[in-house]
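Working notes, beginning with the structure itself.
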Amino acid sequence: MRRALLVCALVAGCGGTAGDSSGSSGACTALFAWGLDVQVVSASSSAPLCDATVSITDGSYQETLKTLPTGSPDGGANCTFVGAGERAGTYRIDAKSGSSEKVVDGIVVTKDACHVQPQSVRIVL
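The opening position of the sequence shown corresponds to residue 574 in the numbering used here, with each subsequent residue numbered one higher.
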């Protein structure tokens, strides 16, 4: 019986649901959460700009976001730039594509007992 309880506690937290990151079961999940997901789109066509460069800054912390290419429901291309993995902070986002550039400042990513609470940002260039 003790072995079964130990396995249950190690594997699932005994009482939480899969994907539950609230910590309500007393154990955090192994989920890795990105703090920011950013979509960059064209002002003239609303098309995703998958070749954009997106970087974030929080004080002395700097990161260039990674691209996660995904399909959109209509079968077209869609791109999401992700970063600030499991890192709370107040971010400045710099997005560039061609000669267009935009800065979004003051994006706050918070963290609960287990994971960051992701913030989605759409930037129109």
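Think of the CB as a built atom: it goes at the ideal place given N, C-alpha and C, for glycine as much as any other residue.
- In this structure, the straight-line span from the alpha carbon of Lys-675 to that of Thr-626 is close to 11 angstroms.
- Rounded to whole angstroms, the separation of the alpha carbons of Val-613 and Leu-641 is 12 angstroms.
- Under the DSSP assignment, Ser-618 falls outside any beta strand (DSSP E); it carries neither an H nor an E label.
- According to DSSP, residue pairing for Phe-654 in a beta bridge involves Val-611, Thr-640.
- Going by DSSP, Ser-670 is part of the beta strand (DSSP E) stretching over 662-670.
- Where Ser-633 is concerned, there is no enclosing beta strand (DSSP E), because DSSP gives it neither an H nor an E.
- Bounds of the beta strand (DSSP E) holding Glu-674 are 673-684.
- Our two residues, Leu-698 and Pro-621, have alpha carbons roughly 10 angstroms apart in a direct line.
- In this structure, Val-677 lies near Ile-666, with their beta-carbon atoms less than 8 angstroms apart.
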